[in-house]
Amino acid sequence: MTSDGLEDFVAERPVLAHDVVHEGYIWNIVRDKVDLGEGGQVTRELMDHPGAVTVLALDESDRVLMIRQYRHPVGMELWELPAGLLDVPGENPVEAAKRELLEEADLRASEWSLLAEWFNSPGGSNEALRCYLARGISEVPEAERYQRGEEELNMPTRWVPLDEARDAVLAGKIHNPGAVIGILAAVAARDAGWKTLRPADAPWPAHRHYRH
């Protein structure tokens, strides 16, 4: 990646000191002392996050699969897309997306494309996310389905026309960032004849673990 044109690019600064402030169940809070060059130094605390993947499953009727899940930090039940953490060592992000679609929705897809990618909060976290478009949807046989538990148990699902989902986003009725970005990106990609889609295995330099 270069600094030419409208494109983010990798420009890591030397880390002079790195400390774990809090070791959590899923992610840690760390404190880095960073050399900005020309004598400038700053100390930043951030969430060290494994990253995540989101799946926009689209059926032949142009409907998107939505899942409703309780999110304790905001005290709300949110309509979301199937998603999950990149917390399996060595797992390819596309395979993680396939796993999440199977585990959360009992579905498989024959066609996978990269729809969008982003940082949730780059000022305070290194969490990098990707949203994949999954098409050619089929149900997983009941004997092969994942046994869900905890907050994933009994999550309501709904197939929603893509334009209806877009309208819900623009009306402020949907708040999950993966759903908001994925739905708007899918509408834009569809309106462009799907020409903007990238290969599912496209390089991911924005994620530190896949940068090199």
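If you count the sequence shown from 1, position 146 lands on 146 in UniProt numbering, and the numbers rise without skipping.
Heads up, the beta-carbon is just placed ideally off N, CA and C, and yes, glycines get one too.
To the nearest angstrom, how far is the alpha carbon of residue i from that of residue j?
i    : j    : result
A186 : R44  : 35 Å
L107 : G37  : 49 Å
A57  : R63  : 8 Å
F9   : E103 : 34 Å
G136 : L85  : 24 Å
A165 : D35  : 44 Å
V180 : K33  : 34 Å
P141 : K98  : 15 Å
S61  : S138 : 13 Å
L46  : G124 : 5 Å
V30  : L184 : 33 Å
D48  : V88  : 16 Å
L197 : W118 : 15 Å
M1   : R211 : Caution applies to M1, whose pLDDT of 47 falls short of 50 and renders its modelled position unreliable; the value that the coordinates give is listed next. Answer to the nearest angstrom: the Cα atoms are 11 Å apart.
A171 : P122 : 26 Å
Restricting to Cα atoms, I'd like to know which of the options is closest to residue i.
i    : options               : result
V55  : A11, R190, A134       : A134
Y70  : S61, H18, G24, M155   : M155
I67  : W159, D191, P14, G182 : W159
D19  : R13, V180, N28        : N28
G182 : L6, E12, V53          : V53
W194 : R99, A116, L16        : A116
P130 : P93, V21, G5          : Note that residue 130 is Arg in the sequence shown, not Pro. Answer by Cα proximity: P93.
Determine, using beta carbons only, whether residue i and residue j come nearer to each other than 8 Å.
i    : j    : result
G24  : E127 : no
L65  : Q41  : no
L162 : R190 : yes
E95  : A83  : no
Can you check DSSP and say which residues form a bridge with residue i?
i    : result
T43  : K33
P156 : None; P156 has no bridge partner.
A109 : I137
H22  : I29
Y70  : E77
query = If you pair each beta-carbon of the stretch 186-202 with each one of the stretch 103-121, do three or more pairs fall below 8 Å?
reply = yes
ask   = With contact counted as at least three CB pairs below 8 Å, one residue from each stretch, are the stretch 77-97 and the stretch 160-179 in contact?
value = yes
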